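Single-structure report; data block below.
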Amino acid sequence: MDTKDGDDTNTIASVQLTETRDVLQQRSISKSNQGETIEKVQSISQANNEDDKKDINLETPPPPSDEAKPKTRSRRIFERVRFVLLVIGIILSMFMISLNSTVVAPAMNIIATELDAVAQQTWIATSYLVAMNSFQGLAGKVLGSIVNSTTPSINGLIAGRTVQGSGAGCVISMLFVIVTDIVPLHLRPRFQSMLTVIYGLSSVIGPLMGGAFVDHVTWRWDFWINVIIGGCTTVILTFLFKEPAKVTKSSLWVKFKRIDFLGTLFSIGLICCLLLALNFGDQFGWNTPHAYGPFIGAAISLIMLITSQGWISHEPLMPRQVVLNPAIFVVYLYMMCLGLSFIGTLYFGPILFQAVFGASSTSSGIRLIPYMALLIVGSVGSGFLLPRFRRLKYYLMFGAASNLLGYGLFFTVNENSNWGQQACYLTFCGLAFGLSQQNAILAVQQVAPKEYIAIATTLVNFFMMLASSVGIAIFQTLYVTFLQGQASGLDPDVMALAQKYGALENYLYIRDMPTEAQLPVIQCYMRALHTVFILPLAVAGLGLICTFFIKDVRFMGQGVAKPKDEEQGNTVAEKDHEDDAKDMDNASVVVQPEDKQQQSFSTPKDEEEHGECQTTIR
Numbered sequence: 001m002d003t004k005d006g007d008d009t010n011t012i013a014s015v016q017l018t019e020t021r022d023v024l025q026q027r028s029i030s031k032s033n034q035g036e037t038i039e040k041v042q043s044i045s046q047a048n049n050e051d052d053k054k055d056i057n058l059e060t061p062p063p064p065s066d067e068a069k070p071k072t073r074s075r076r077i078f079e080r081v082r083f084v085l086l087v088i089g090i091i092l093s094m095f096m097i098s099l100n101s102t103v104v105a106p107a108m109n110i111i112a113t114e115l116d117a118v119a120q121q122t123w124i125a126t127s128y129l130v131a132m133n134s135f136q137g138l139a140g141k142v143l144g145s146i147v148n149s150t151t152p153s154i155n156g157l158i159a160g161r162t163v164q165g166s167g168a169g170c171v172i173s174m175l176f177v178i179v180t181d182i183v184p185l186h187l188r189p190r191f192q193s194m195l196t197v198i199y200g201l202s203s204v205i206g207p208l209m210g211g212a213f214v215d216h217v218t219w220r221w222d223f224w225i226n227v228i229i230g231g232c233t234t235v236i237l238t239f240l241f242k243e244p245a246k247v248t249k250s251s252l253w254v255k256f257k258r259i260d261f262l263g264t265l266f267s268i269g270l271i272c273c274l275l276l277a278l279n280f281g282d283q284f285g286w287n288t289p290h291a292y293g294p295f296i297g298a299a300i301s302l303i304m305l306i307t308s309q310g311w312i313s314h315e316p317l318m319p320r321q322v323v324l325n326p327a328i329f330v331v332y333l334y335m336m337c338l339g340l341s342f343i344g345t346l347y348f349g350p351i352l353f354q355a356v357f358g359a360s361s362t363s364s365g366i367r368l369i370p371y372m373a374l375l376i377v378g379s380v381g382s383g384f385l386l387p388r389f390r391r392l393k394y395y396l397m398f399g400a401a402s403n404l405l406g407y408g409l410f411f412t413v414n415e416n417s418n419w420g421q422q423a424c425y426l427t428f429c430g431l432a433f434g435l436s437q438q439n440a441i442l443a444v445q446q447v448a449p450k451e452y453i454a455i456a457t458t459l460v461n462f463f464m465m466l467a468s469s470v471g472i473a474i475f476q477t478l479y480v481t482f483l484q485g486q487a488s489g490l491d492p493d494v495m496a497l498a499q500k501y502g503a504l505e506n507y508l509y510i511r512d513m514p515t516e517a518q519l520p521v522i523q524c525y526m527r528a529l530h531t532v533f534i535l536p537l538a539v540a541g542l543g544l545i546c547t548f549f550i551k552d553v554r555f556m557g558q559g560v561a562k563p564k565d566e567e568q569g570n571t572v573a574e575k576d577h578e579d580d581a582k583d584m585d586n587a588s589v590v591v592q593p594e595d596k597q598q599q600s601f602s603t604p605k606d607e608e609e610h611g612e613c614q615t616t617i618r
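Residue 1 is where the sequence shown starts when you use full-length UniProt numbering, and the numbers rise one by one after that.
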């Protein structure tokens with residue numbers, strides 16, 4: 001019995017030993033196969049690298065880039081000087097473009113009087129803004145300034161302003177592109193914010209500078225100043241800016257075919273027809289073909305624009321994926337409200353100061369300094385607060401509320417108001433603009449589809465300037481209509497004196513009238529302008545309503561935001577690109593067990609975060 005048990009034990013031990021030997025043998029074979037697999041992958045990779053080297057050697061080797069060359073101390077100094085000069089050129093370009101939007105504000109009446117074309121003075125402003133939204137070319141900017149400063153007629157001035165705007169339209173967008181090319185990634189938001197500050201600042205400096213030129217030199221210096229600044233910036237950007245190597249090299253014909261000519265044509269037609277209708281309505285009457293004809297043309301242009309952008313153009317100016325996105329559209333609507341009220345302040349604020357309070361052109365510009373100061377405070381202050389309080393929606397809401405408060409207070413101004421009331425009530429409106437423009441861009445960048453971020457960002461300024469272009473004509477129409485209505489109630493004797501001196505056609509002649517007849521005419525202007533400023537008050541209220549529907553997003557740095565309720569796992573888009581590049585540099589080959597039948601490339605970061613390979617080669 002004991003012998004039988006011993007035999008059984010020996011048999012079991014023998015079987016276990018045999019199984020163990022088989023397992024070890026299989027593992028040895030598996031390791032051998034794995035080693036062979038790794039050797040095969042490495043040999044294939046080495047062969048591919050040799051083939052790539054052969055292919056590369058067949059072509060002419062590209063010249064080493066400037067970044068690849070070792071930089072000496074003198075070269076580093078040159079690069080720094082070049083960078084500083086480029087930044088100066090960018091700042092001067094933005095200053096010049098924005099300055100031209102408003103520099104003629106206090107001078108329009110004087111220019112129109114000298115050129116004997118008071119009825120056409122609105123086109124001095126609108127021709128620039130319309131062309132600015134439509135055309136391209138830096139040379140056009142300087143050429144238009146030369147035409148403006150030498151023209152002897154109002155038609156020549158309008159043509160020159162159109163050429164000016166055609167240059168500005170390209171420059172204002174290309175400045176942001178140049179900043180992207182020359183400024184390091186972590187500094188781009190600061191530089192883009194700086195351009196926003198320069199734009200708002202020079203818009204408010206424009207009336208002050210224009211008024212000083214009109215009072216002390218001549219209105220033609222409103223345009224000669226652009227020849228000087230534009231010449232400097234042209235030289236700087238032409239000779240110091242280098243096209244980055246990453247720019248795709250394609251033929252001029254290929255680039256030409258990408259232009260959305262239909263969208264450009266119909267958008268210009270829409271704006272021009274609206275402006276013609278608003279101006280001809282005052283001049284010829286609203287029941288004449290001169291008025292309703294352009295309105296019909298505007299309606300047709302709008303229908304064709306929608307059709308081309310939605311179903312015809314391959315690369316539309318306004319993709320429906322952007323414009324029809326409710327989260328983006330509500331921001332555009334808010335910026336249109338802001339642009340309409342902004343341009344009304346800068347053009348009709350000086351008119352009120354001159355017509356009602358007898359201010360000179362220079363003094364009317366000085367009254368806008370508090371407005372300018374709060375604009376800077378709002379823009380710079382929001383930049384400092386944004387890393388701490390990141391809810392973009394509430395900056396826009398606070399800006400809209402400030403805008404509404406400012407126009408509500410300004411609506412109480414009358415002919416007896418003091419200087420402080422005239423100037424300081426509008427500071428709330430300046431704060432609104434400073435808080436809104438950059439933060440609106442950041443809000444749009446988050447909610448826009450990734451492939452449309454660039455065009456969505458550009459459209460923020462496009463819609464704001466579109467509202468400004470049409471807004472000037474609307475303000476002028478309301479101004480003329482209400483002034484005529486108030487003048488009809490004047491005493492016949494005062495009316496006769498006003499017509500004799502031309503005070504109702506040109507407020508510059510009010511102070512030439514007898515003293516006892518001045519007050520009724522001043523009150524007439526005050527009531528008309530008081531009614532005109534109902535429009536910015538109304539659109540400020542509409543803008544505040546829009547902010548309640550803006551998507552609540554958080555600023556996460558580098559000019560990108562994210563929704564409040566989004567998980568923390570999502571990171572900034574640009575940071576992702578950097579991480580991906582680093583991961584590809586550190587990529588390693590991982591061979592998986594045979595039963596999975598695949599080989600993968602993974603990174604240490606991917607393995608830690610996801611526990612699996614990201615890119616698979618079958």
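In this text, a Cβ means the ideal position worked out from N, Cα and C, and glycines have one as well. If you're wondering where the values come from, they're calculated on a predicted model, not measured in any experiment.
*Residue range of the unbroken beta strand (DSSP E) whose run includes residue 631*: Nothing can be reported for residue 631: it is not among the residues displayed for the chain, which extend from 1 to 618.
*Going by C-alpha distance, which of 428, 404, 532 is nearest residue 479?*
Taking the sequence shown and counting its residues from 1, the one referred to as residue 479 is at position 479. Ranking the options by Cα distance to residue 479, first place goes to 532.
*Could you name the residues of the same chain whose beta carbon sits closer than 7 angstroms to that of residue 258, not counting the 5 residues immediately before and after it, in chain order?*
Locating residue 258 in the sequence shown gives position 258, counting from the first residue. Excluding residues within five positions, the ones whose Cβ falls inside 7 angstroms are 315.
*Taking residue 290 as part of the alpha helix (DSSP H), name the residues at either end of that continuous run.*
Locating residue 290 in the sequence shown gives position 290, where the first residue counts as 1. Looking at the DSSP string, the run of the alpha helix (DSSP H) that includes residue 290 is 289-307.
*Does the pairing of the region 506-522 with the region 361-372 give three or more beta-carbon distances under 8 angstroms?*
no
*Buried/exposed call for residue 187, threshold 16 Cβ in 10 Å*: In the sequence shown, counting from the first residue as 1, residue 187 sits at position 187. Exposed.
*DSSP on residue 391, reduced to helix/strand/coil?*
Sequence index remark: in the sequence shown, residue 391 carries index 391 (1-based). Three-state result, residue 391: strand.
*Look up residue 350 in the DSSP assignment and say whether it is helix, strand or coil.*
On the sequence shown, position 350 is the one that residue 350 refers to. If DSSP states are grouped into helix, strand and coil, residue 350 belongs with the helices.
*Give me the Cα-Cα distance between residue 343 and residue 471, rounded to the nearest whole angstrom.*
Translated into the one-based positions of the sequence shown, residue 343 becomes position 343. Translated into the one-based positions of the sequence shown, residue 471 becomes position 471. Straight-line Cα distance between these residues: approximately 7 angstroms.
*Apply the 10 Å Cβ neighbour rule to residue 221 and answer buried if 16 or more other Cβ atoms are within range, or exposed otherwise.*
As a position in the sequence shown, residue 221 is number 221, starting the count at 1. By the neighbour-count rule (16 or more Cβ atoms within 10 Å), residue 221 is buried.
*asked:* Measuring straight from C-alpha to C-alpha, what distance separates residue 349 and residue 74?
replied: Taking the sequence shown and counting its residues from 1, the one referred to as residue 349 is at position 349. Taking the sequence shown and counting its residues from 1, the one referred to as residue 74 is at position 74. For residue 349 and residue 74, the distance between alpha carbons rounds to 52 angstroms.
*Work out the CA separation of residue 334 and residue 548 for me, nearest whole Å.*
Start at 1 with the first residue of the sequence shown, and residue 548 comes out as number 548. Start at 1 with the first residue of the sequence shown, and residue 334 comes out as number 334. Between residue 548 and residue 334, the C-alpha separation is close to 10 angstroms.
*C-alpha distance - residue 655 paired with residue 219, whole-angstrom precision*: Coverage of the chain is limited to positions 1 through 618, which leaves residue 655 absent and any answer about it impossible.
_Does the structure place the region 194-207 close enough to the region 87-101 that three or more beta carbon pairs sit under 8 angstroms?_
By the Cβ test, the region 87-101 is in contact with the region 194-207, since at least three Cβ pairs between them sit closer than 8 angstroms.
*Alpha carbon of residue 626 to alpha carbon of residue 78, nearest angstrom*: Past the boundaries of the shown model lies residue 626; the chain is included only from 1 to 618, so the question cannot be answered.
*Using 8 angstroms as the threshold, is the region 460-476 in touch with the region 257-275, meaning 3 or more CB pairs across them?*
yes
*Tell me, please, whether the CB atom of residue 200 is closer than 7 angstroms to any CB atom in chain C?*
Within the model displayed, chain C is absent; a lone protein chain is all it includes.
*Counting only the same chain and skipping the five closest in sequence on each side, list residues whose C-beta sits under 7 angstroms from that of residue 555.*
Taking the sequence shown and counting its residues from 1, the one referred to as residue 555 is at position 555. For residue 555, where only same-chain residues beyond five positions count, the Cβ hits under 7 angstroms are 386, 390, 392, 442, 561.
*Exposed or buried, which one is residue 419 when buried takes at least 16 other CB atoms within 10 Å?*
Here residue 419 corresponds to residue number 419 of the sequence shown, with the count starting at 1. By the C-beta density criterion, residue 419 is exposed, having fewer than 16 other C-beta atoms within 10 angstroms.
_Alpha-carbon spacing of residue 275 relative to residue 536, whole angstroms_ = The count along the sequence shown starts at 1 and reaches residue 275 at position 275. The count along the sequence shown starts at 1 and reaches residue 536 at position 536. One C-alpha to the other measures close to 19 angstroms.
_Nearest-angstrom Cα separation, counted from residue 72 out to residue 103_ = Against the sequence shown, residue 103 aligns to sequence position 103. Against the sequence shown, residue 72 aligns to sequence position 72. If you take the alpha carbons of residue 103 and residue 72, they lie about 45 angstroms apart.
*State whether the region 421-429 contacts the region 147-165, with contact taken as three or more CB pairs (one from each stretch) at a distance under 8 angstroms.*
no
*Which term fits residue 484, buried or exposed, when burial requires 16 or more other beta carbons within 10 angstroms of its beta carbon?*
Mapped onto the sequence shown, residue 484 falls at position 484. Result: exposed.
*Selected residue, minimal CA-CA separation from residue 456, among 234, 321, 527*: Here residue 456 refers to the residue found at position 456 when the sequence shown is read from its first residue. Ranking the options by Cα distance to residue 456, first place goes to 321.
*Which value, in whole angstroms, describes the spacing of the CA atoms of residue 206 and residue 155?*
In the sequence shown, counting from the first residue as 1, residue 206 sits at position 206. In the sequence shown, counting from the first residue as 1, residue 155 sits at position 155. Whole-angstrom Cα-Cα distance: 23 angstroms.
_Give me, in chain order, the residues of the same chain whose beta-carbon lies closer than 8 angstroms to that of residue 31; leave out the 5 immediate sequence neighbours on both sides._
For the purposes of this step, residue 31 is identified with residue 31 of the sequence shown, where counting begins at 1. In this prediction, residue 31 has a pLDDT of 48, which is less than 50 and means its spatial position is unreliable; what the coordinates show is noted afterwards. Excluding sequence neighbours, residue 31 sits near nothing in its chain.
*asked:* Using CA atoms only, rank isn't needed, just tell me which of 122, 165, 174 is closest to residue 465.
replied: By one-based count along the sequence shown, residue 465 stands at place 465. Comparing Cα positions, the closest option is 165.
*asked:* Quick check on residue 462: buried or exposed, where buried means 16 or more other Cβ atoms within 10 Å of its Cβ?
replied: Walking along the sequence shown from the start, residue 462 turns up at place 462. Buried, since its Cβ has 16 or more Cβ neighbours within 10 Å.
_Residue interval of the alpha helix (DSSP H) (run including residue 259)_ = The residue you call residue 259 lines up with position 259 of the sequence shown. Where residue 259 is concerned, there is no enclosing alpha helix (DSSP H), given that its DSSP letter is neither H nor E.
*Span of the alpha helix (DSSP H), counted from its first residue to its last, around residue 505*: Along the sequence shown, one-based indexing puts residue 505 at 505. It is not in any alpha helix (DSSP H) - residue 505 carries neither H nor E in the DSSP assignment.
*Answer with buried or exposed for residue 93, where buried requires no fewer than 16 other C-beta atoms within 10 angstroms of its C-beta.*
Residue numbering aside, residue 93 sits at position 93 when the sequence shown is read from its first letter. When all chains shown are included, residue 93 counts as buried.
*From the DSSP output, in three-state form, read off residue 327 for me.*
In the sequence shown, residue 327 corresponds to position 327, counting from 1. If DSSP states are grouped into helix, strand and coil, residue 327 belongs with the helices.
*Could you round the C-beta distance between residue 399 and residue 435 to whole angstroms and report it? I think they count as a contact, below 8 angstroms.*
As a position in the sequence shown, residue 399 is number 399, starting the count at 1. As a position in the sequence shown, residue 435 is number 435, starting the count at 1. Going by Cβ atoms, the distance from residue 399 to residue 435 rounds to 4 angstroms, so yes, they are a contact pair.
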